[in-house]
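Participant:
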Amino acid sequence: MRASSYKEDPVYEVYYRQQEALVAQLITEDQFESPIELIGGVDVAYDETSNRMIGALVVLDAASLAIVDQAYHEMEITFPYVPGLFSFREVPALKAAFQKLTTKPQLIICDGHGIAHPKKMGLASHLGITLDLPTIGCGKRSLLTPWDKAALAMERAATVPLIWEGEIRGVALRTQPAIKPVFVSIGHRVSIETAIALTLKMSPQYRLPETTRAADQLVNALREKLLRITASEEEE
DNA sequence: GCGACAG
DNA sequence: ATCTTGTCGC
936 MRASSYKEDP VYEVYYRQQE ALVAQLITED QFESPIELIG GVDVAYDETS
986 NRMIGALVVL DAASLAIVDQ AYHEMEITFP YVPGLFSFRE VPALKAAFQK
1036 LTTKPQLIIC DGHGIAHPKK MGLASHLGIT LDLPTIGCGK RSLLTPWDKA
1086 ALAMERAATV PLIWEGEIRG VALRTQPAIK PVFVSIGHRV SIETAIALTL
1136 KMSPQYRLPE TTRAADQLVN ALREKLLRIT ASEEEE
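The first sequence maps to residues 936 to 1171 in the working numbering.
(1) Helix, strand or coil for Tyr950, going by three-state DSSP, please let me know.
(2) Tell me the start and end of each unbroken beta strand (DSSP E) in the stretch 988-1035 that is at least 3 residues and wholly inside, in chain order.
(3) Considering only C-alpha positions, which residue in the set Ile1044, Glu972, Met1056 and Arg1024 is nearest to Thr1070?
(4) From Ile1148 to Asp1067, what does the alpha carbon distance come to, in whole angstroms?
(5) Counting only the same chain and skipping the five closest in sequence on each side, list residues whose C-beta sits under 8 Å from that of Leu1087.
(6) For Ser985, which residues of its own chain have a beta-carbon under 6 Å away from its beta-carbon, when the five flanking residues on both sides are left out?
(7) Which residue wins for smallest C-alpha separation from Ala1028, given the options Ala1006, Val1017 and Gly1049?
(8) In or out: Phe967 buried (at least 16 other Cβ within 10 Å) or exposed?
(9) Indicate the three-state DSSP secondary structure (helix, strand or coil) for Glu1159 in the structure shown.
(10) To test your reading of the DSSP string, which unbroken beta strand (DSSP E) runs of 3 or more residues are found completely within the stretch 1097-1155?
(11) Output needed for Ala1031: all residues of its chain with C-beta closer than 8 Å, excluding positions within five of it in sequence on either side, in chain order.
(12) Determine the closest residue to Ala1130 out of Leu973, Leu1042 and Arg987, with distance taken between C-alpha atoms.
(13) Quick one: does the C-beta of Thr1129 sit closer than 6 Å to a heavy atom of the ligand MG?
(14) Take Ile974 as the anchor and find which of Leu957, Lys942 and Ser1138 has the nearest alpha-carbon.
(15) Taking buried to mean at least 16 other C-beta atoms within 10 Å of its own C-beta, is Ala1059 buried or exposed?
(16) Answer yes or no: do Glu1123 and Gly1074 have a C-beta to C-beta separation smaller than 7 Å?
(17) Classify Lys1054 as helix, strand or coil using the three-state DSSP reduction.
(18) How many Å lie between Asp1151 and Leu1143 at the Cα?
(19) What does a CB cutoff of less than 7 Å around Thr1037 pick up in its chain, not counting 5 residues either side in sequence?
(20) Let me know if Ala980 comes out buried or exposed under the rule of 16 or more other beta-carbons within 10 Å of its beta-carbon.
(21) Going by Cα to Cα distance, which pick from Thr1146, Ile971, Asn1155 and Leu1153 is closest to Leu995?
(22) Near Asp982, what residues of its chain come up, given a Cβ to Cβ distance below 7 Å and the 5 sequence neighbours on each side ignored?
(23) Name the two residues that bound the continuous beta strand (DSSP E) containing Tyr981.
(24) In chain order, what are the residue ranges of uninterrupted beta strand (DSSP E) at least 3 long that sit wholly in the stretch 1059-1099?
(25) Near Val993, what residues of its chain come up, given a Cβ to Cβ distance below 7 Å and the 5 sequence neighbours on each side ignored?
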């Protein structure tokens, strides 16, 4: 497991310094009231043509997986996609969506990493600290490559650690037998054990957690609506 | 020097 | 992320 180098673009210096300040507030152990019954999922969609984005947050009942509440926020895109600074792009819209919720979740599973990030400040950690809420990072691809693919057993719940600078920053986790794993890490105020257990609980049937799938569906429906509006304005 | 690089 | 045609399988 090679500890790859991580380059910081001097252009974004101020944001890297901000990440260092945020890491000081990071909590990597369970700190919440049990039981967790309401879990949130997030996703963001983009329309580069209109330079607008939609952040969505869906709240599910952890036992039934039923949707309890949902909210979204549309706004201008204000930050480019830069690997390592992803959270600065998505947090503003997600924070605004969170504030519109009637029923707040007790924890959020994010579409992106937590501390499985070169500076331990992926989207999940940044959002968790911003909202002061427990969060789990659950990405579709690892940012900390490479990982030991051959060591990951085929059965559901199999894991293999993601190592970075000699530390276990997260795990590759198979949520379904023989299916490509997801990459789970501590976001904020949860242990890795809790992060894995809740990710599995919320992924009874598909590769991705139901929270992520629900947020994904909402954001795609909203995006279609946004594109129709953008198109009709261009006709005028 | 080039590549790799969450969504 | 978004774009984008077909294709394989339950």
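All residues carry an ideal CB built from backbone N, CA and C; glycine is no exception. Given the structure is predicted, the values throughout are model-derived calculations rather than measurements.
Facilitator: The answer reads as follows:
(1) Of the three classes helix, strand and coil, the one that applies to Tyr950 here is helix, per DSSP.
(2) Whole beta strand (DSSP E) segments, 3+ residues: 1002-1011.
(3) Of Ile1044, Glu972, Met1056 and Arg1024, the residue nearest in Cα terms is Ile1044.
(4) The residue you asked about is not Ile; residue 1148 is Arg in the sequence shown. Looking at the backbone, the Cα of Arg1148 and that of Asp1067 are separated by about 24 Å.
(5) Around Leu1087, the same chain offers Ala1093, Thr1094, Val1095, Ala1107, Arg1109 and Pro1116 as residues with beta carbons nearer than 8 Å, after the five sequence neighbours per side are excluded.
(6) Around Ser985: Thr1165.
(7) For Ala1028, the closest of Ala1006, Val1017 and Gly1049 by C-alpha to C-alpha distance is Ala1006.
(8) By the neighbour-count rule (16 or more Cβ atoms within 10 Å), Phe967 is not buried but exposed.
(9) Three-state DSSP puts Glu1159 in a helix.
(10) Taking only runs of at least 3 residues, the beta strand (DSSP E) segments lying wholly in the stretch 1097-1155 are 1102-1108 and 1117-1123.
(11) In the same chain as Ala1031, and ignoring 5 residues on each side of it, the C-beta atoms closer than 8 Å to its own belong to Gly990, His1008 and Met1010, in chain order.
(12) Comparing Cα-Cα distances from Ala1130 to each of Leu973, Leu1042 and Arg987, the minimum goes to Leu1042.
(13) No copy of the ligand MG occurs in the structure displayed, which carries no ligand at all.
(14) The closest CA to that of Ile974, considering only Leu957, Lys942 and Ser1138, is found on Ser1138.
(15) Buried, since its Cβ has 16 or more Cβ neighbours within 10 Å.
(16) Note that residue 1123 corresponds to His in the displayed sequence, not to Glu. No, the Cβ-Cβ distance between His1123 and Gly1074 is not below 7 Å.
(17) DSSP, read as helix, strand or coil, puts Lys1054 in coil.
(18) Taking the CA atoms as reference points, Asp1151 sits about 10 Å from Leu1143.
(19) The residues Asp1004, in chain order, have a CB closer than 7 Å to that of Thr1037 in the same chain once the five nearest residues on each side in sequence are set aside.
(20) It is buried - the Cβ of Ala980 has at least 16 other Cβ atoms within 10 Å.
(21) Ranking Thr1146, Ile971, Asn1155 and Leu1153 by Cα distance to Leu995 puts Thr1146 first.
(22) Taken in chain order, the residues that qualify are Arg1158, Leu1161, Leu1162 and Thr1165.
(23) Residue range Leu973 to Asp982 is occupied by the beta strand (DSSP E) that includes Tyr981.
(24) Whole beta strand (DSSP E) segments, 3+ residues: 1070-1074 and 1094-1099.
(25) Hits under 7 Å: Gly975, Gly976, Ile1002, Gln1005, Thr1146, Ala1149, Ala1150 and Leu1153.
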